[in-house]
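Undergrad: Letter 81 of the sequence shown, counting from 1, is numbered 80 in numbering that gives the first Met the number 0, and no numbers are missing. Built from N, CA and C at the ideal position, the CB exists for glycine as well. First the structure, which I've put down as structure tokens, then a few questions once you've had a look.
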Amino acid sequence: MRSPLPDYLTEVLEACVDDSGALADYIPELAKADPDRFALTLVTAEGAIYSVGDDDTEFTIQSVSKPFVYGLALQERGFDQVLDVIDVEPSGEAFNEVSLERNTGRPLNPMINAGALAAHALVLHGRRPEEAVESIRSLLSSLAGRDLVIDEKVATSELGTAYRNVALANLLRGYEVFEDDPDEIVEGYIRQCSVTVTTKDLALMAATLAAGGVQPVSGEQIFSRDVVRQVLSVMTTCGMYDAAGDWLSTVGIPAKSGVSGGIIGILPGQLGIAAYSPRLDEHGTSVQGVAAFGRLSRDMNLHLMDAPIVAHSVVRRKRVWGEGDDAVTVLELQGDLQFTSAEVLVRAVVDEPPATKRLAFDLSLVRAILPVGRRMLLEMIGRLHRDGLEVVVVDPDGHLPEPDTGYGFRPRVYASQDEMEARS
Ligand code: GLN
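If you want it as structure tokens, here you go:
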């Protein structure tokens, strides 16, 4: 069988063809793009890639770089320092609006240009300007999984007409939002916006955010979970500027658009999406890209608020081995252990206590355990131990490193059920 997914995506592209909108021309070089290019790529959190249309066409990343550079600033400078400099409130205004907090001059959020210039300044501070741009280029490259280059022609073209960004940077400098030279900030920010990508690159970057900061193909943990959560929160409320509310209610996928025609969307835990088509609407967002996202969201139930119920399947199987005092109840768990799935597990043990003296939790099919899941599991193990049960864990992937229950008791850990059987 051939996977239906590429055929479906091709259908989406065909259904979303629309020649309305206009190329960005305030950056002269962007007005040279082929207006009919259209591409769509999906990358799952597991790294499966589905891509259709002009997905080899390269374009400059523009504002789609903003969430990633914000993430870099958070990672390098820490939350406190970044939040001191850039707020996280939606501005409800266009991307290039002079939108600063009244008394402090603090940019309202990192997705509008004012905040993105400040985020660039945070990365730049203490470095030479070329070093800051290089650290951003290199971050974007590891997110994409290939070496990305800067389109110097687009950068030079934008620098020639960067009146608004120069004004914004000077205003920020005037408010002492940063101490570095505003011209250096503008130049670095514009070069950051001129990193060249395809929809495949963007979808991989988006999928890294969907996968909790782990690049799904290389397996590299690029951002911490905390940074990802912050970046996605800000994208959800501010990523689509003055269309943020409409976008969240209709499409429901945290997203970021750029004036060259790229859009990324992230469905946390599930997938990253990227669309490219250079004709823009009045918000500076790709017309065909918006249509494609809307269609995908509706067809595939991707709206964030349309969440599947994931908890109920945590206990894959319960079985009893052996007889008499040697008998062991094995609870085979699966999926992700977060709060609600751990709650299902607790309830399963409370409502139907094991009839044996020995109990094993088999985590072989557990994919990830959030800290709350780990705490609840360990708490449960401690309580069962106090009740007189012998509890062991099958944990080949090391989900419970050094499982100390806080009761001075460590359950025995095996790599497989076979090993458990052989050794007991
Ligand atoms: N480099 C562009 C600018 O600052 C990015 C804007 C965007 O993509 N929305 O104007």
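Taking Cβ to Cβ, would you say I48 is nearer than 8 Å to K255?
TA: In the sequence shown, residue 48 corresponds to position 49, counting from 1. In the sequence shown, residue 255 corresponds to position 256, counting from 1. No, these two residues do not count as a Cβ contact at 8 Å.
Undergrad: Compare the Cα-Cα distances from E151 to each of F177, A113, A161 and S193 and report the closest residue.
TA: Walking along the sequence shown from the start, residue 151 turns up at place 152. If we check each option's Cα against that of E151, S193 comes out closest.
Undergrad: Please name the residue or residues paired with E389 in a DSSP beta bridge.
TA: In the sequence shown, counting from the first residue as 1, residue 389 sits at position 390. In DSSP, E389 forms a bridge with R357.
Undergrad: Can we count I189 as close to the ligand GLN, meaning its CB is less than 7 Å from some heavy atom?
TA: Within the sequence shown, numbered from 1, the residue matching residue 189 stands at position 190. Yes - the ligand GLN has a heavy atom lying nearer than 7 Å to the Cβ of I189.
Undergrad: Let's test the definition: count the other Cβ atoms within 10 Å of the Cβ of N112 and tell me whether it reaches 16, buried, or not, exposed.
TA: The residue you call residue 112 lines up with position 113 of the sequence shown. When all chains shown are included, N112 counts as buried.
Undergrad: Verify whether the separation of the beta carbon atoms of S156 and L147 is less than 8 Å.
TA: Here residue 156 refers to the residue found at position 157 of the sequence shown. Here residue 147 refers to the residue found at position 148 of the sequence shown. Cβ atoms of S156 and L147: not closer than 8 Å.
Undergrad: Candidates R357, R366 and P66: which alpha carbon is nearest A117's?
TA: To locate residue 117, count along the sequence shown from 1; it is residue 118. With distances taken between Cα atoms, A117 lies closest to P66.
Undergrad: Is P410 buried or exposed, if buried means 16 or more other CB atoms sit within 10 Å of its CB?
TA: Taking the first residue of the sequence shown as position 1, residue 410 is located at position 411. It is buried - the Cβ of P410 has at least 16 other Cβ atoms within 10 Å.
Undergrad: Comparing C-alpha positions only, which one of G211, S217 and G257 sits nearest to T197?
TA: Residue 197 sits at position 198 when you count from the first residue of the sequence shown. Minimum Cα distance to T197 is reached at G257.
Undergrad: Does at least one heavy atom of the ligand GLN sit under 7 Å from the Cβ of G159?
TA: Taking the sequence shown and counting its residues from 1, one reaches residue 159 at position 160. No, the Cβ of G159 stays beyond 7 Å of every heavy atom of the ligand GLN.
Undergrad: Quick check: what's the CA-CA separation for G20 versus P34?
TA: Counted from its first residue, the sequence shown places residue 20 at position 21. Counted from its first residue, the sequence shown places residue 34 at position 35. Taking the straight line from one Cα to the other gives about 10 Å.
Undergrad: Apart from the five residues on each side of it in sequence, which residues of its chain come closer than 7 Å, Cβ to Cβ, to S296?
TA: Walking along the sequence shown from the start, residue 296 turns up at place 297. Cβ within range, chain order: V250, G251, I252 and H302.
Undergrad: Taking 7 Å as the cut-off, is the beta-carbon of N108 closer than that to any non-hydrogen atom of the ligand GLN?
TA: In the sequence shown, counting from the first residue as 1, residue 108 sits at position 109. Answer for N108: no, Cβ out of range of the ligand GLN.
Undergrad: Just verifying my parser: in three-state terms, what is the DSSP assignment at T155?
TA: Counting from one through the sequence shown, the residue named residue 155 turns up at place 156. Helix, per DSSP.
Undergrad: Using a Cβ-Cβ cut-off of 7 Å (strictly less than) and excluding sequence neighbours within five positions of E28, which residues of its own chain qualify?
TA: Looking up residue 28 in the sequence shown gives position 29. Here the set comprises K152, V153 and S156.
Undergrad: Could you pull the start and end residues of the alpha helix (DSSP H) that L203 belongs to?
TA: For the purposes of this step, residue 203 is taken as residue 204 along the sequence shown, with counting starting at 1. First-last of the alpha helix (DSSP H) with L203: T198 to A209.
Undergrad: Could you check whether the Cβ of V165 sits closer than 7 Å to any heavy atom belonging to the ligand GLN?
TA: As a working mapping, residue 165 is identified with position 166 in the sequence shown. Checking the Cβ of V165 against the ligand GLN gives no.
Undergrad: Could you say if the segment 282 to 294 and the segment 71 to 86 meet the contact criterion of at least three C-beta pairs nearer than 8 Å?
TA: Because the criterion of three Cβ pairs below 8 Å is not met, the segment 282 to 294 and the segment 71 to 86 do not touch.
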